[in-house]
Amino acid sequence: MRKIDVNRTRAMTQRLDRIPAPLNPKSKFNGITRPVLIVLMMISRQAARDGIIPAAPSVSIPRQESVRHDSDHSEGEDVVAPRQVEALYRAVPGQWAIMVPLAACRLPLVACRLPLVAWCQLRRGECLGLQRRDIERHDDGSATLHVRRQLNANTGDYTDTRSDAGKRSLTIPKLMTARLKQHLADNVTAEAKAPVVPASVRAGDRG
25 MRKIDVNRTR AMTQRLDRIP APLNPKSKFN GITRPVLIVL MMISRQAARD GIIPAAPSVS
85 IPRQESVRHD SDHSEGEDVV APRQVEALYR AVPGQWAIMV PLAACRLPLV ACRLPLVAWC
145 QLRRGECLGL QRRDIERHDD GSATLHVRRQ LNANTGDYTD TRSDAGKRSL TIPKLMTARL
205 KQHLADNVTA EAKAPVVPAS VRAGDRG
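Now the structure itself:
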């Protein structure tokens, strides 16, 4: 982490920009660079908060440009199948795996970047903004998920959702309630504001 500075990040960005877009190799954009930089800056800001580095590099994150499909595109390639969500869920380390089924199924494949993303179709920031108090369990065994905030990838702070319509309540599918309950028991502290997707195991806050 101490060796990652602006110059190294710029060099990495240039290499990423040269990767052909999976959906259309002839496209000027590939949909890869921005997500990688967002994750890198989230890690860098956490390292700065932990005192590992003095400060996160001052890196400008480009806007996400669309990548148009090429002429050989099939609509069947746009959707992540349930079996693919399950495989991804099982491949991701324990405390973060819950993000997958709560965001990617029935989303475009390029958007499935662990952005509780699949079954509830949350954006990455909304998923990372979830707190224990946002999960309401009912006597019949069902559960409701209340989306009230998001984690801003640029600042690392909680902010309002993109619009008032983004504040919503969602029914958690029955196949996810047991997994979510186990996830909360194993990885999330009892505080009402504890993040559902913790920075570390049993983390009571994101810092």
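Following our numbering, the numbering of the sequence shown begins with 25 at its first residue and continues without gaps. All C-beta atoms, glycine included, are put in the ideal place defined by N, C-alpha and C. Since we're looking at a predicted model, the values are computed, not measured.
Residue 174 is bridged by DSSP to 183. The alpha-carbon separation between residue 60 and residue 160 amounts to approximately 33 Å.
Judged by DSSP in its simplified three-state form, residue 195 adopts strand. One Cα belongs to residue 40, the other to residue 164, and the distance between them is close to 49 Å. Exclusion of the five residues before and after residue 184 leaves 173 as the residues of its chain whose Cβ lies within less than 7 Å of its Cβ. The three-state reading of DSSP puts residue 212 in strand, counting E and B together. Note that the C-beta distance between residue 86 and residue 57 is below 8 Å. Separation of residue 202 and residue 119 (C-alpha to C-alpha, rounded to the nearest whole angstrom) is 15 Å. Spanning the alpha carbons of residue 179 and residue 153 requires a straight line of approximately 13 Å.
Bridge pairing for residue 155: 219 [DSSP].
Counting every other CB atom within 10 Å of its CB across the protein chains shown gives residue 37 a total of 16 or more, marking it as buried. Burial of residue 45 is indicated by the presence of at least 16 other C-beta atoms within 10 angstroms of its C-beta. Measuring C-alpha to C-alpha distances from residue 63 to each of 187, 177, 214, 79 identifies 177 as the nearest. Separation of the CB atoms of residue 157 and residue 216 is rounded to 4 Å, and the pair is thereby assigned contact status at 8 Å. At least 8 Å separates the beta-carbon of residue 214 from that of residue 196. Take residue 25, set aside five residues on each side of it, and the residues of its chain with a beta-carbon closer than 6 Å to its own are 71, 76, 77, in chain order.
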